[in-house]
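First the structure, in the form of structure tokens, and then the observations on it.
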Amino acid sequence: MRIATWNVNSITARLPRLLAWLESSGTDVLCVQETKCAEAAFPFEPLRELGYEAAVNATGRWNGVAVLSRVGLDDVVSGLPGGPDYDGGQEPRAIAATCGAVRVWSVYVPNGREIGHPHYDYKLRWLDALREAVGEDAKGPRPFAVLGDFNVAPTDDDVWDRTRFDGLTHVTDKEREALAALRGAGLSDVVPRPLKYDHPFTYWDYRELCFPKNRGMRIDLVYGNEPFAGAVGDAYVDREERKGKGASDHAPVVVDLNV
DNA sequence: ATGCCAGGCTGCGCCTGA
Numbered sequence: 001m002r003i004a005t006w007n008v009n010s011i012t013a014r015l016p017r018l019l020a021w022l023e024s025s026g027t028d029v030l031c032v033q034e035t036k037c038a039e040a041a042f043p044f045e046p047l048r049e050l051g052y053e054a055a056v057n058a059t060g061r062w063n064g065v066a067v068l069s070r071v072g073l074d075d076v077v078s079g080l081p082g083g084p085d086y087d088g089g090q091e092p093r094a095i096a097a098t099c100g101a102v103r104v105w106s107v108y109v110p111n112g113r114e115i116g117h118p119h120y121d122y123k124l125r126w127l128d129a130l131r132e133a134v135g136e137d138a139k140g141p142r143p144f145a146v147l148g149d150f151n152v153a154p155t156d157d158d159v160w161d162r163t164r165f166d167g168l169t170h171v172t173d174k175e176r177e178a179l180a181a182l183r184g185a186g187l188s189d190v191v192p193r194p195l196k197y198d199h200p201f202t203y204w205d206y207r208e209l210c211f212p213k214n215r216g217m218r219i220d221l222v223y224g225n226e227p228f229a230g231a232v233g234d235a236y237v238d239r240e241e242r243k244g245k246g247a248s249d250h251a252p253v254v255v256d257l258n259v
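So the first sequence is numbered by UniProt numbering: it starts at 1 and just counts up by one.
Encoded structure:
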């Protein structure tokens, strides 16, 4: 089974590339982030024509997540149980589904904006709620993984130049401790191989030629339990999808599972 | 060539992203 995660930066703007990529990559299950559209505007029909069902948690212009599957889509949980509010409400940043033999969460972790900003505390509380929510599945016998845009670079090697991130989010001890707590709950970081260069970056800013210069970050992660991690045959970042006109600023992370 | 930011709404500029 081929499982992937991809922050598409608007599913409506990305639709032609998304459909082409699903076909060319042969992906069975795709966790999508930043749909940036209301559920009513979600492109269910073209996806259905390709053979994919979709479970969607999206409310409009910001955020929005989905799970696309052509191998079954059951027991959907929309929203992060116990997740914190922001600006007086829940944001659409998590959705879970069982796809065949595997259960997945598609997550879009809050950005955090700046250290000390209310959004940064929200990010840490959100990650804590995620750890609470996955506890049972993480320790269970069924292959299970949280896939998505975590907005945290797990190590200094996961950013192109650590000195450029002094005082910024995504690399702080507290954010990394939140990831460590997730690992402590029974999940491990399924690190993909890069198709080029020596770091498996998944995000490159649109500005300042970041992609051609490979000034990237690894912030799109796959955290799998032991049955999941043990079934991984291959994992890679499809940087080809970051090329050209109309690309997302994130590349898909692809995992081949022997299930 | 991988090429100097992109998306969507509050819209014809502004906020967000990381």
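Note that the Cβ used here is the ideal one computed from N, Cα and C, for glycine as well.
Taking Cβ to Cβ, would you say residue i is nearer than 8 Å to residue j?
i	j	result
serine 106	valine 32	yes
arginine 131	alanine 185	yes
cysteine 99	glycine 72	yes
valine 253	threonine 202	yes
aspartate 256	arginine 93	no
tryptophan 6	histidine 250	yes
alanine 41	threonine 27	no
alanine 66	valine 77	no
isoleucine 11	proline 43	yes
isoleucine 115	glycine 167	yes
leucine 187	asparagine 225	yes
arginine 183	aspartate 137	no
alanine 129	glycine 83	yes
Of all the options the options, which has the alpha carbon lying nearest to the alpha carbon of residue i?
i	options	result
leucine 124	Ala96, Val134, Arg176	Arg176
proline 154	Val190, Arg14, Glu208, Gly26	Val190
proline 200	Arg164, Asp157, Leu168	Asp157
proline 192	Val237, Thr172, Leu15	Val237
alanine 231	Arg142, Gly83, Arg218, Asp173	Arg142
glycine 244	Met217, Phe211, Thr172	Phe211
threonine 172	Gly216, Asp121, Phe144	Asp121
isoleucine 219	Lys174, Tyr108, Asp74, Ala97	Tyr108
phenylalanine 144	Arg242, Ala235, Pro227	Pro227
valine 29	Ala20, Ala97, Pro16, Gly88	Ala97
arginine 207	Ser248, Phe150, Ala101	Ser248
In whole angstroms, give me the CA-to-CA distance for residue i and residue j.
i	j	result
glycine 246	leucine 18	11 Å
leucine 22	arginine 239	15 Å
glycine 148	proline 110	11 Å
leucine 179	leucine 209	30 Å
glycine 112	arginine 61	18 Å
arginine 48	alanine 54	8 Å
alanine 133	leucine 80	7 Å
glycine 51	glutamate 34	22 Å
arginine 70	leucine 221	22 Å
arginine 164	asparagine 214	14 Å
serine 24	valine 8	16 Å
aspartate 205	glutamine 90	27 Å
valine 259	glycine 233	10 Å
valine 68	proline 46	Note that residue 68 is leucine in the sequence shown here, rather than valine. Taking the straight line from one Cα to the other gives about 12 Å.
aspartate 85	lysine 36	19 Å
residue 271	valine 152	Coverage of the chain is limited to positions 1 through 259, which leaves residue 271 absent and any answer about it impossible.
aspartate 75	alanine 229	22 Å
leucine 216	arginine 14	The residue asked about is misnamed: residue 216 is glycine in this sequence, not leucine. If you take the alpha carbons of glycine 216 and arginine 14, they lie about 21 Å apart.
arginine 162	aspartate 198	16 Å
tyrosine 223	tryptophan 126	16 Å
histidine 119	aspartate 87	10 Å
phenylalanine 150	glycine 135	17 Å
alanine 235	alanine 101	18 Å
aspartate 242	histidine 117	What sits at residue 242 in the sequence shown is arginine, not aspartate. Taking the straight line from one Cα to the other gives about 30 Å.
List the DSSP bridge partners of residue i.
i	result
alanine 235	Val255
phenylalanine 144	Arg103
alanine 41	DSSP, once it has assigned bridges, lists no residue as partnering alanine 41.
aspartate 149	Tyr108, Asp220
threonine 5	Cys31, Val253
glutamate 53	Ser69
valine 159	Met217
threonine 59	Ala38
Is residue i a contact residue of the ligand SAH, with contact defined as CB to any heavy atom under 7 Å?
i	result
asparagine 225	This structure lacks the ligand SAH; in fact it carries no ligand of any kind.
(request) Give, in chain order, every unbroken run of the beta strand (DSSP E) that is at least 3 residues long and sits entirely within the segment 63-141. (result) 65-69, 74-78, 94-99, 102-108
(request) Could you tell me which uninterrupted beta strand (DSSP E) segments, each at least 3 residues in length, are contained entirely in the segment 183-243, listed from first to last along the chain? (result) 220-224, 232-237
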